[in-house]
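Asker:
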Ligand SMILES: [Zn+2]
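Numbering (this note's numbering), first residue to last: 2 to 112.
(1) Give me the Cα-Cα distance between residue 75 and residue 64, rounded to the nearest whole angstrom.
(2) Please return the same chain residues whose Cβ sits closer than 7 Å to the Cβ of residue 2, not counting the five positions on each side in sequence.
(3) Can you tell me which residues form a DSSP beta bridge with residue 88?
(4) Please look up how many angstroms separate the CB atoms of residue 21 and residue 60, rounded, as I've assumed it's under 8 Å.
(5) Rounded to the nearest angstrom, what separates residue 7 and residue 27 at their Cα positions?
(6) Expressed to the nearest angstrom, what Euclidean distance is found between the alpha-carbon atoms of residue 85 and residue 106?
(7) What are the boundary residues of the alpha helix (DSSP H) that includes residue 64?
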């Protein structure tokens, strides 16, 4: 992958990272009580709390992938599949800039 493309993707990743961090902070502020409080299953807040926790976990995972991809970019390996070492389809990177696995490997890993 040529350097220019990596730079464009890194910019995208950094913008995305900022957005995710903001989302996490917003959720944390909005749901401080529910997330920190001891809510058990009988509590009317339970379902809501579970939803928010799932959302936070999802954002956390997203942040991890973004950091991962940024580290790869630093090493000059952006766009290279972590598993098989083949270049990742640029069309895929266009849609999922934080992808560190090619479609085939992702399918295998998730199975
Ligand atoms: Zn692969």
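Note that beta-carbon positions come from the ideal geometry of N, C-alpha and C, so glycine has one too.
Answerer: Reading off the structure:
(1) If I take the Cα positions, the gap works out to 16 Å.
(2) Unreliable positioning characterises residue 2 in this predicted model, as indicated by a pLDDT of 48, which lies under 50. The coordinate reading is nonetheless provided below. 79, 80, 88.
(3) 81
(4) 5 Å
(5) 30 Å
(6) 7 Å
(7) In the DSSP assignment, residue 64 falls within the unbroken alpha helix (DSSP H) covering 47-75.
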